[in-house]
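Chains as they are written, first to last, in my numbering: chain A, 76 to 190; chain B, 108 to 212. Where is the CB? At the ideal position from N, CA and C, for every residue including glycine.
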Amino acid sequence: EAGVVQSPRYKIIEKKQPVAFWCNPISGHNTLYWYLQNLGQGPELLIRYENEEAVDDSQLPKDRFSAERLKGVDSTLKIQPAELGDSAVYLCASSLSNSEVDTQYFGPGTRLTVL
Amino acid sequence: GIQVEQSPPDLILQEGANSTLRCNFSDSVNNLQWFHQNPWGQLINLFYIPSGTKQNGRLSATTVATERYSLLYISSSQTTDSGVYFCAVWNKLTFGGGTRVLVKP
Numbered sequence: 076e077a078g079v080v081q082s083p084r085y086k087i088i089e090k091k092q093p094v095a096f097w098c099n100p101i102s103g104h105n106t107l108y109w110y111l112q113n114l115g116q117g118p119e120l121l122i123r124y125e126n127e128e129a130v131d132d133s134q135l136p137k138d139r140f141s142a143e144r145l146k147g148v149d150s151t152l153k154i155q156p157a158e159l160g161d162s163a164v165y166l167c168a169s170s171l172s173n174s175e176v177d178t179q180y181f182g183p184g185t186r187l188t189v190l
Numbered sequence: 108g109i110q111v112e113q114s115p116p117d118l119i120l121q122e123g124a125n126s127t128l129r130c131n132f133s134d135s136v137n138n139l140q141w142f143h144q145n146p147w148g149q150l151i152n153l154f155y156i157p158s159g160t161k162q163n164g165r166l167s168a169t170t171v172a173t174e175r176y177s178l179l180y181i182s183s184s185q186t187t188d189s190g191v192y193f194c195a196v197w198n199k200l201t202f203g204g205g206t207r208v209l210v211k212p
């Protein structure tokens, strides 16, 4: 069974440019998460989807970040425009449901560098 | 929001040594998970452990929910155990700052 797939793995952009990250969760997983991980810190939740509905986006900076999960499968996270402080690793994870006993499976992440 | 603190922040071990990592949390939680992030950045779930004790090979974990802490034990450490260990609590999906472990051959 394939794990969580993310692309691209690395992205380097100039500040003020737009950027998008893509995530394909494990087949059959209804819940999808986007996290941001700064160097030397733990991941921080940006948004959580139950199927196609965003059920927790309280920590998503909505002035420049947006996300979508059309058809409740794969998801895209976008930043427009990017700022220097957005340099980080963006992690996607999925779980079978929102049950508290469900394990989250993480993708390899996208490392973003904003110059 | 809930605070999750891990200690120690860094740990250097000689191969074969045992160690204990600690996770303290500031409020009641419905579950707690331990993750290992390898040197290539991949996060792997180790334990889902809201209370009690679990063991998986050389790793074991204990959560005392009433006292708001969890412990991760690594026995007979190997170089492949190197990386960062995170605990995370389900309420608001909050991660601790991690313990960076380096196992030397």
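Check, Outcome
"Chain B within 8 Å of Gly184 of chain A, Cβ atoms only", "yes"
"Endpoints, the beta strand (DSSP E) within which Glu143 of chain A is located", "Phe140 to Glu143"
"Under 9 Å from the C-beta of Val164 of chain A: neighbouring residues of chain B", "Gly148"
"8 Å CB neighbourhood of Pro156 of chain A in its chain, flanking five on each side removed", "Lys90, Lys91, Gln92, Pro93 and Arg139"
"Residue(s) in a DSSP beta bridge with Leu179 of chain B", "B:Leu128 and B:Ala168"
"Under 9 Å from the C-beta of Leu120 of chain A: neighbouring residues of chain D", "The question asks about chain D, but that chain is absent: this structure's protein chains are A and B."
"Contact under 8 Å by Cβ, Gln113 of chain B with Arg129 of chain B", "yes"
"Contact under 8 Å by Cβ, Lys211 of chain B with Leu118 of chain B", "no"
"Span of the beta strand (DSSP E) around Ala163 of chain A", "Ala163 to Ser170"
"Where Gly205 of chain B meets chain A, residues with beta-carbon distance less than 9 Å", "Gly115, Gln116 and Gly117"
"Residue interval of the beta strand (DSSP E) (run including Gly204 of chain B)", "Careful: Gly204 of chain B lies outside any beta strand (DSSP E) and carries neither H nor E."
"Strand pairing of Arg186 of chain A, partner residues [DSSP]", "A:Tyr85 and A:Val164"
"Beta carbon proximity, Phe181 of chain A to chain B, threshold 8 Å", "yes"
"contact_flag[the region 112-124 of chain A, the region 162-170 of chain A] where n(CB pairs < 8 Å) is 3 or more", "yes"
"Residue span of the beta strand (DSSP E) that contains Gln113 of chain B, given as start and end", "Val111 to Ser114"
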